[in-house]
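*Asks:* Take this structure, written in C-alpha cells, and hold onto it; I'll ask about it next.
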C-alpha cells in the first residue's frame, strides 16, 4: 500500500493517529503517500475518518500521534495559514460580504501582492473556470454550480501546489455534478497540481481519481487505482462499498491451485478465487460476485463457468439494462444486470433459470 | 351559456359575475377572517398605544384654555396693541370681569392661572387672589372695572400681564416647543430664555452623549461575550447564557440599587481601594450621582440587549469562513477583521439600535444613580408630568425625543440599511 518514505512522495502521512476524546481513535495508524501531481480521493462512509485526515492535512486539526509531511518537511507545527494549501469547502465558504473579485483577491492581498499583479491573476483564475464576467457579483447572486466554480478559482488563484477538496460537489444536482467532475479533473491535470479529494460518492471517486483510498473505521481499507478497486476488491467492505455486489456466505472446504472450493450455507459447492488472507480451509468466507458478471442466457455462459439454479423474484426493465433479482443458494437479494440486446430473454417472476459465472469473478473474501 | 373565450368584455366567472369581482369576494372572506384574528390585538394597540401617543403629541401644541376661559377678553385683546405701552381700555376690563365671573363659577380661573404661570411667574397667585374679589362683582351693574381691578391687584395695571395673556391666547401654540428648546413665546416673537433658565438643550445633548457612551461600552463589553456564546461548546455556552440572562430575571430596581451599594463613597469598591491603599481615605472616588455612575449602571442593565442580537448573528457565521480565510493564508487577526467582523456587523447594528433607543428614554436608573449631573431628559419629562404639572411642556419634550429617535433610526437605515439588522 503506502510506499515507505519514498523520495518522490509530496504528501506523506506517517503512522498518523487522531483521537478527539482520548478514548477512541478516529484515525488509526494512517500511512499514505502521494507523489506530485496525483489526484487522490479519500472515499468512505461518514465517520470513517476521511474528513479528519483532510483537516489534519489542512492544519485545522492536529494529529494525536505521527507525522504529516509536505514536500519532505513535517508540517505538524505549522499553522494553517502558513501551509500554502488551497482548499475547497463543502459549502464553498465564499465570503458573502465580498464580491467575487474581492473573494479571489483575498488570498493575494494577504500575500501583499501588488494591485496590478492581483488583477491579472484574478482575471486568469476567473477565465480558467469560465466565470470571467462575474467578478462584480456577490456570491448570493450566483447559482450553486457557479459558486462551486468560484470556490475552485479562489483555491487555485494563489497557485498552491496542493489543493484539498472536501465534498465540493455534494450540493449540486446530478447533471451539474457530472459536468463538474470532469472539469475539476481536467483542471487539476492541466495545472499539474496535487489534489486530495474527499467524498462519500463512489461514482465521483471512480471517475475522477488517479488513486482512491477507501476509508472505513479509521483505516485505509484499500488504496488502488479505480479499476483495480472495482475489479479486485481486497476485502468484503470494499467489495460492498464500491459498486453493486452480491454476497454469498459459506465455509471454505479446500484450496487447490489457486481455486477455493466453498460450501455455501445451503450445501451448494462453488469454485472461487481466494483473495483475502483469512481464506483458509475450514474458515467462514463471504463470496462476492459483481451483478454484471453473471449470465443466464445459455449461449452466453462461457466455457468453464460455474452454473447454479436460480428462481426469478423480480425483473426490472431499466432501458439500457435489465435488472433481475433472483433467489440463489438461499439469498433472495441476489441481483444480476444484463445489457439490453435483441437476443436477451426477458424473464418473469417465478421462472426457474440457470445462471453462470467464471470462477475468477467469484472472489472469496473475509467473513 | 356564454362562451368565456369568445366574449369581448371582462372575463366572467361560472355564474356570470365578472371574474375580478368574484375573486375579490373570495379574497375578502379570507381577509376578513385574518383581520378578525388580529382584531383583539389591533384594538388593544390602538387603545393603549396609538391613541395615547397621538393625544400626547397633540397636547404639546394644544392651548385652548385661554380662549375657552376668557372668550370675550381674547376678542377684545385683538384690538389692543401691546407694543404701544398703553393699558387696554375699559371695554377690555369689562369683558375680562364678565369672563372671570363665569370662570370662577366653574372654578376654572385657577387652572388658567397655573397655565399662564408657566410663562410668567406670579400669574397663578394673581388669578387666585383676584378670583376671590372679582367673585363679588356683578359685570352688569358694578362698572367701570378698570380702577377696581387695579385696586384689587396692581398687576392688572401692568402692560406685561395683558401682553402675556394676549401672547398665549392662540388655540394652537408653539410655546411648549419653544420652551422645550430653551426659548419662549413673547409678544415680540420667539426669543431665547434668560441664561439661567436654559437647561433643556443641555439636557438633550447630555442624554444623547450618555446614550452613545452606554452603547459604545455595551459593544465593547458585549462583543467578546457574544463571541464566546456562539463559539463555546453547547454545554458551556448554555451556562454562560444563563449568566447573561440572569439580570433579566432580577428587578431593575434591585440591580440599580446594587450599583448604588457598589459605587458610593462608603461602598464596596471604595472600601476595597482604600483597604488596598490605592486610594487615600480622605480622597475616595466619586463614582455615583454623576455621569459615571449612570453610564456604569445602565451599561450593565442594557448589556443583554446588546449581547443577544450579536449572538444570534454570530451563530449564523459558519466556522468554515474562518477556515477558508486561514487556508488562503490569512493570520487569525486578518481572518477575524476581514471576514468575521464584517459578517457580525448586522448584530452590532441591531444591538446598538436597541440599546441606544432604550437608553435615550431611560428613567429609573438615572433617577436613582444619576444625581443632578447624570439625569436624562426623561427625568425632566417625569418632573413636568408629576411635579410641575406642565403637561404641555412634557408632551413637547416627549415629542422631540420621539423625533430624535426616529431621525436616528432613519439615518441608520440610510447608512447601514435596516435590512441588515438581524434580531434573531
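Residue numbers (this note's numbering), protein chains in the order written: chain U, 1 to 367; chain L, 1 to 424. Yeah, the Cβ is synthetic: ideal placement off N, Cα and C, and Gly gets one too. As the structure is a computational prediction, the values presented were derived from the model and not from experiment.
Which residue marks the beginning of the alpha helix (DSSP H) containing residue 183(L), and which one marks its end?
*Replies:* It is not in any alpha helix (DSSP H) - residue 183(L) instead sits in the beta strand (DSSP E) that spans 183-186.
*Asks:* According to DSSP, what are the bridge partners of residue 272(U)?
*Replies:* 260(U)
*Asks:* I'd like to know whether the C-beta of residue 84(U) is nearer than 8 Å to at least one C-beta of chain L.
*Replies:* Closer than 8 Å to some Cβ of chain L, the Cβ of residue 84(U) qualifies, so yes.
*Asks:* Suppose you measure from the CA of residue 352(L) to the CA of residue 42(U); what does that come to, to the nearest Å?
*Replies:* 47 Å
*Asks:* Would you tell me roughly how many angstroms separate the C-alpha atoms of residue 289(L) and residue 349(L), rounded to the nearest one?
*Replies:* Their backbone Cα atoms lie some 30 Å apart in a straight line.
*Asks:* In or out: residue 411(L) buried (at least 16 other Cβ within 10 Å) or exposed?
*Replies:* Per the 10 Å Cβ criterion, exposed.
*Asks:* Identify which residue in 326(L), 151(L) and 210(L) has its Cα closest to the Cα of residue 366(L).
*Replies:* 210(L)
*Asks:* Please confirm whether residue 318(L) has its beta-carbon closer than 8 Å to some beta-carbon of chain U.
*Replies:* yes
*Asks:* Counting contacts by CB-CB distance shorter than 8 Å, is residue 77(U) in contact with chain L?
*Replies:* False, the Cβ-Cβ gap to chain L never drops below 8 Å.
*Asks:* Which residue marks the beginning of the beta strand (DSSP E) containing residue 52(L), and which one marks its end?
*Replies:* Not the beta strand (DSSP E): residue 52(L) falls in the alpha helix (DSSP H), residues 51-59.
*Asks:* With distances taken Cα to Cα, identify the nearest neighbour of residue 74(U) among 54(U), 10(U) and 87(U).
*Replies:* 10(U)
*Asks:* Between which two residues does the beta strand (DSSP E) holding residue 288(U) run?
*Replies:* 284-289
*Asks:* Can you tell which of 116(L), 291(L) and 228(L) has its C-alpha closest to the C-alpha of residue 203(L)?
*Replies:* Here the closest residue by C-alpha is 291(L).
*Asks:* Rounded to whole angstroms, what's the CA-CA distance from residue 76(U) to residue 66(U)? Just pull it up for me.
*Replies:* Straight-line Cα distance between these residues: approximately 9 Å.
*Asks:* From the DSSP secondary-structure annotation, give me the bridge partner or partners of residue 44(L).
*Replies:* DSSP lists no partner for residue 44(L).
*Asks:* Along the chain, where does the alpha helix (DSSP H) that runs through residue 226(U) open and close?
*Replies:* 226-231
*Asks:* Please decide whether residue 17(L) counts as near chain U, where near means a Cβ-Cβ distance under 8 Å.
*Replies:* no
*Asks:* Return the CA-CA distance between residue 136(U) and residue 356(L), expressed in angstroms with no decimal places.
*Replies:* Looking at the two C-alpha atoms, the distance is approximately 35 Å.
*Asks:* What is the DSSP secondary structure of residue 197(U), counted as helix, strand or coil?
*Replies:* Reduced to three states, the DSSP call for residue 197(U) is strand.
*Asks:* Using the three-state DSSP reduction, which class does residue 168(L) fall into: helix, strand or coil?
*Replies:* In the structure shown, residue 168(L) adopts coil according to DSSP, grouped into three states.
*Asks:* With a cut-off of 8 Å, does the C-beta of residue 314(L) fall near any C-beta of chain U?
*Replies:* no
*Asks:* Give a yes or no on whether 8 Å exceeds the smallest Cβ distance from residue 328(L) to chain U.
*Replies:* yes
*Asks:* Taking residue 176(L) as part of the alpha helix (DSSP H), name the residues at either end of that continuous run.
*Replies:* Where residue 176(L) is concerned, the enclosing alpha helix (DSSP H) stretches over 175-180.
*Asks:* So that I know if they touch, is there some Cβ in chain U lying closer than 8 Å to that of residue 120(L)?
*Replies:* no
*Asks:* Using 8 Å as the threshold, is the segment 17-33 of chain U in touch with the segment 181-191 of chain U, meaning 3 or more CB pairs across them?
*Replies:* no
*Asks:* I'd like the span of the alpha helix (DSSP H) that includes residue 384(L), first residue to last.
*Replies:* It spans 377-386 - the alpha helix (DSSP H) in which residue 384(L) sits, taken as one unbroken run.
*Asks:* Go to residue 76(L), then tell me how far its beta strand (DSSP E) extends in each direction, as first and last residue.
*Replies:* Taken as a continuous stretch (DSSP letters only), residue 76(L) belongs to no beta strand (DSSP E), being part of the alpha helix (DSSP H) at 71-77.
*Asks:* If I measure Cβ to Cβ from residue 39(U) and keep anything under 6 Å in the same chain, skipping five residues before and after, which residues do I get?
*Replies:* 188, 195, 209 and 210
*Asks:* Is it buried or exposed for residue 195(L), if we count other Cβ within 10 angstroms and need 16 for buried?
*Replies:* exposed
*Asks:* Which chain C residues sit within Cβ distance under 9 Å of residue 58(U)?
*Replies:* Of the protein chains in the structure, U and L, none is chain C.
*Asks:* Which value, in whole angstroms, describes the spacing of the CA atoms of residue 192(L) and residue 119(L)?
*Replies:* 13 Å
*Asks:* Thinking C-alpha only, which one of 310(U), 164(U) and 37(U) is nearest residue 331(U)?
*Replies:* Nearest neighbour of residue 331(U) by Cα position, chosen from 310(U), 164(U) and 37(U), turns out to be 310(U).
*Asks:* May I ask which residues mark the beginning and end of the alpha helix (DSSP H) holding residue 270(L)?
*Replies:* Start and end: 268-276.
*Asks:* Using a Cβ-Cβ distance under 8 Å, would residue 10(L) count as near chain U?
*Replies:* no
*Asks:* Go through its chain and collect everything with a Cβ distance to residue 146(U)'s Cβ below 8 Å, but skip five positions before and after it.
*Replies:* 131 and 134
*Asks:* Anything in chain U within Cβ reach of residue 339(L), meaning under 7 Å, just list it in chain order.
*Replies:* Within 7 Å Cβ-Cβ: 95.
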